[in-house]
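Visitor: In terms of the numbering used here, the sequence shown opens at residue 1477 and continues consecutively.
Beta carbons are placed, not taken as given, at the ideal position from N, Cα and C, and that holds for glycine.
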Amino acid sequence: MKSTKSLANKYLIIVSSILIIFGITAVIFVNFSNLPLLQSVDKIAQVEYDYAKLDSCILKLYHAENNCRMFMVNRKHCYHHEFMKEIKEISFILNAISRKKQNDFISKGQPALISQNQPAINEFIRLKILCDSLISFSIKLDQVLERQSLPETNLFKIKDQNGITTSALVQTTDSVRLARNELQLKAINDYLRLDLINEEKQLFNIDYQLISGIIQGLKRYQSIEKEYYYNLSQITHKSTLNAVINLDKFTKVLLTLTVGLLAFIFYMIYHCYKDEKALIDYSNELVSYARTKSCFLANMSHEIRTPLSSIIGFSEQLIQIDFTPVQKEQVAAISESSMMLLNVVNDILDFSKYETGKVTLAQVPFLPYTTIKNVFESMRIQALQKEIGFYLDMSVNEDIYFLGDPLRLKQVLMNLLGNAIKFTSSGSVTLEALLTLTNRNQAKLKVNIIDTGIGIKLADQEIIFEEFAQVYGTSTKERQHGTGLGLAICKKIVEFQGGTIYVRSEEGEGAVFSFEIPYQITHHTFTERGNTELYDKATLLEGKRILMADDNKLNIMLAGTILKKYKISYDAVYNGEEAYKLFCENEYDLILTDIQMLKMGGIELAGKIRNENDAKKRSTPILGITANVLLEDRLKYLASGMDELVLKPFLEHELLEKILKYIR
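1) How many angstroms separate the CA atom of Asn1822 from the CA atom of Lys2043?
2) Only counting the same chain, and skipping five residues up and downstream in sequence, which positions put a Cβ closer than 7 angstroms to that of Leu2142?
3) Taking a contact to mean a Cβ-Cβ separation below 7 angstroms, would you say Asp2065 touches Ile2101 in this structure?
4) Under the assumption that Ser1814 contacts Ser1791 (Cβ atoms under 8 angstroms), give the Cβ distance between them as a whole number of angstroms.
5) Please classify Val2122 as buried or exposed, where buried requires at least 16 neighbouring CB atoms within 10 angstroms.
6) May I have the straight-line CA-CA distance separating Lys1702 from Lys1662, to the nearest angstrom?
7) Going straight from the alpha carbon of Lys1677 to that of Lys1536, what length do you get?
8) Using beta-carbon positions only, say whether Ala1449 and Ile1925 come within less than 7 angstroms of one another.
9) Could you tell me if Met1546 is buried or exposed, where buried requires 16 or more neighbouring beta carbons within 10 angstroms of its beta carbon?
10) Among the candidates Leu1868, Asp1881 and Lys1862, whose CA atom is the shortest distance from the CA of Leu1837?
11) With three or more beta-carbon pairs closer than 8 angstroms as the criterion, would you say the segment 1989-2001 touches the segment 1910-1926?
12) Tell me the residue span of the beta strand (DSSP E) that contains Val1851.
13) With distances taken Cα to Cα, identify the nearest neighbour of Tyr2113 among Asp2026, Ile2079 and Asn2087.
14) Any idea what DSSP makes of Arg2140, helix, strand or coil?
15) Just tell me which of Met1560, Ser1532 and Cys1533 has its CA closest to the CA of Asn1543.
16) Classify Gln1918 as helix, strand or coil using the three-state DSSP reduction.
17) At a cut of 8 angstroms, does the segment 2086-2105 reach the segment 1970-1989 through at least three beta carbon pairs?
18) Assuming the contact rule is C-beta atoms closer than 8 angstroms, Asn2104 and Met2076 should be a hit. Round their C-beta distance to whole Å, please.
19) Would you call the segment 2116-2130 in contact with the segment 1769-1788, where contact means no fewer than 3 C-beta pairs closer than 8 angstroms?
20) Which of the three DSSP states, helix, strand or coil, is assigned to Val1821?
21) Which stretch, first to last residue, makes up the alpha helix (DSSP H) that contains Val1888?
22) My parser needs the alpha helix (DSSP H) runs of 4 or more residues fully inside the segment 1719-1784; what are they?
23) Between the Cα of Val1840 and the Cα atoms of Tyr1877, Ile1673 and Leu1868, which residue gives the shortest distance?
24) Run through DSSP, which three-state label would Phe1498 get?
25) Throw me the rounded Cβ distance for the Ala1909 and Met1870 pair, which I believe falls under 8 angstroms.
26) Evaluate Cys1771 with the Cβ neighbour count: other Cβ atoms within 10 Å of its Cβ, from every protein chain shown; 16 or more gives buried, anything less gives exposed.
27) Looking at the unbroken beta strand (DSSP E) that takes in Thr1912, where does it start and where does it end?
28) Assuming Ile2085 is part of the alpha helix (DSSP H), what are its boundary residues?
29) Spatial neighbours of Thr1847 within its chain, please: C-beta separation below 7 angstroms, excluding the five flanking residues on both sides.
30) Tell me Tyr1867's beta-bridge partners as DSSP assigns them.
31) Among all the DSSP beta bridges, which residues are the ones paired with Tyr1924?
32) In the DSSP assignment, find the unbroken beta strand (DSSP E) run with Asp1469 in it and report its ends.
33) At the level of alpha carbons, what is the spacing between Ile2067 and Leu1889?
34) CA-CA distance, Asp1927 and Asp2027?
35) Along the chain, where does the beta strand (DSSP E) that runs through Ala2025 open and close?
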C-alpha cells in the first residue's frame, strides 16, 4: 500500500515555508513603510528647532552690536553687561549646534536665513553709513576752522617783521585781538563739538531705537514664524498620527485577512489531503479488488473450461460420426450451446484483460481482405437462419498486407455483425469496408455495419459502449441475452489500437456501427495452412508414442479418442508421480500433461524431466494442457520447461497442430 505519511510531511513543510516567508515579508514591509514617515517627522522637527536657534543667534548679534555702540558712547556698564551676556548666549547656542553635528541642516538653512533677515541687515547698513557721514562731516568742519585760524597768525607775524615805528603798539593790539579771537574760536569750537556730540548722541539714540524697533519687529516675526512652524508641526503631527492610525487599521485588516486566508488554506489543504488519502486508499482497494477479481476469473475460467473442453471436444467427435439427421442436429445443438457458453467466458476474461491493461496485441502480417471475407462468410449462416439479407461491400485491395492482430479484428467484426443480425428481424445487414492510405506506409481501415433493425434510443446510445450495458425494450426479449460486454470489449479493442468507434441510429430505423483503426502496411507475404493439409500431415504421426497425464478422466478420454484416430499409441496416468515413473521406464516422443493435478502437477513434472541426466530424455517435448488464460500464468508455465501450451477447450485440429510442431 502506498504510504500517506510522507505526503503529510510534504504538505506540512510546504505550508510552514509559506508561513515563514509570508511572515518575514509582512514584517519587513510594515517596518520599511513606517521608517520613512518617522524619519520625515524627525527631520521636520529638527529643522524647525535649528532654524529657531539660528534666528535667535542673529537677533542676539544685532542686539549685542547695539549694546556695544551704546557702551562706546555713554560708557554705561549696563550696556557692556548686556553685550557680554548676549555674546555668551550666542556662543552656547553655536556650541550646542556644533555638538549635535547638524552642519548639513545649517548649510542648507543659511540661504533661507540670509534672505529672511536681509531687510534688517540693509536697514542697519544704511544707518551705519548715515552715522559715518555725520562723523566725517564733523571732522571736516574742524579742519576748516583750523585752516581759517592759521593765516591770521602768519599775518601778525608778517606785520611784526615789517613794522618799524609802531612795533610795541601793534604787538599789544594784536595780542589782545589774538586772545579774543582764540577765545571766540574756542567758544565756537566747543559749541560745535558739544552740538556734534549731542547730534551724535541723538543719532545713536535714533540708531538704538531703530535697531530696537527692528529687533522687536524681528522678534514679532520670529514669534509669528514660531507660531507658523508650531501650527505646521501640529498639522504634520496630526497627519502623521492619522496616517499611522490608518496604517495600523490597514495592518489589522490585512492581518485579519491573512489569518482568514491562512485558515482557509489550512482548511483546503486538510481537505485536499483527506481527499487524496481517500483517493489513494480507494485506488489501493481497486488494485486489490482487480487482483482478487483476476484470480477469481482465472479460477472460474479453469473450472468452466475444464467441463467445456469435454463437451466441445466430444461434440466435435460426434459430428464426424455417421448419425441420422436428427442425431446430428442434436449434437450440433450441444456444440453450439457449449460454444455460446465459451464465448460468454471469453467475453468476461477479455474484458478483465482490457480493464487491467494486461492484454497484448499480436504484430503479424495479415490480409485484411481475407480476414474480413472469412468473418463475413462465417456469419452468413446466422443471417440465413433469420431469413434476412446479408451483403458485403468491400473496397480493400486483395493483395495488401497489414501489420497487426487479425484475431482482434475478427473479434470486433463478429461482435458487431452478431449484434446486427440479432436485432434485425427483417430487412438486411450490410458490411462496408473501406481502406484509405494516409501515407506510403500507413493506412486506415474504416468499417460500417449497417442494419435495418429496431434501432437505438438516443439516451441508450450514450451508454451502449459501457460495460454490462444493455438496451431493454418491449418489442423483443432477444436483446436481454448476453453479458452486456460485447460492445464494451469492441470499444476497448479499437481504442487500444489507436482507433475510434461510434454509433448512429434512430429508434425504429436501424443502426450504423462504425470503427476506424490505423494499420502499418507491410510487404511480407505468407501462406496459410488449411485443415486439410494439417490432417494429411497427421498421418505421419502413426506409430508415435505419447505420455498423457491428467486427473480428469474425460480429458484423457477426449485426447485418447483423437490420438487413436491417427494411430498414435499413448500411456495415460492421473497424476505427475505416475507420469514421471513411466517416463523413467519408457521412451516417449512427446509428453502431454495437465498443469493442475493432485500429486505432482505439470510444472513440477516438467522440472524433473528437464533435470534428467540423459540428454535425449531431457529434451523430450512437453505440451501443457491448461484452462488458465492469464498471460502471466502462461509465461510461468513456459518458464518451467514446457515447450508449448494447449488451451482448454481445444479442438482436434488445434491439438494436432501443436503435436505436429514437435514430432516429425
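Guide: Walking through what the data contain:
1) 33 angstroms
2) Here the chain has residues from 1477 to 2140 only, and residue 2142 is not among them.
3) no
4) 6 angstroms
5) buried
6) 57 angstroms
7) 23 angstroms
8) In the structure as shown, the chain begins at 1477 and stops at 2140. Residue 1449 is therefore absent and cannot be evaluated.
9) buried
10) Asp1881
11) Pairwise C-beta distances place the segment 1989-2001 in contact with the segment 1910-1926, as three or more of them are shorter than 8 angstroms.
12) Element bounds for Val1851: not the beta strand (DSSP E) but the alpha helix (DSSP H), Pro1844 to Lys1862.
13) Ile2079
14) Note: Arg2140 maps to coil in three-state DSSP.
15) Met1560
16) The answer is strand: DSSP assigns Gln1918 an E or B state.
17) Inter-segment contact for the segment 2086-2105 and the segment 1970-1989 is absent: fewer than three beta-carbon pairs are separated by less than 8 angstroms.
18) With a Cβ gap of about 18 angstroms, Asn2104 and Met2076 do not count as contacting.
19) yes
20) helix
21) Pro1882 to Lys1898
22) none
23) Tyr1877
24) helix
25) 4 angstroms
26) exposed
27) Ser1904 to Leu1913 is the extent of the beta strand (DSSP E) around Thr1912.
28) Gly2078 to Arg2086
29) Pro1882, Leu1885 and Lys1886
30) Partner(s): Thr1906.
31) According to the sequence provided, residue 1924 is Asn. The question's Tyr does not apply to it. Looking at the DSSP assignment, Asn1924 forms a beta bridge with Glu1908 and Ser1990.
32) This structure cannot speak to residue 1469, because the chain is shown only from 1477 to 2140.
33) The C-alpha of Ile2067 lies about 37 angstroms from the C-alpha of Leu1889.
34) 48 angstroms
35) Arg2021 to Ala2025
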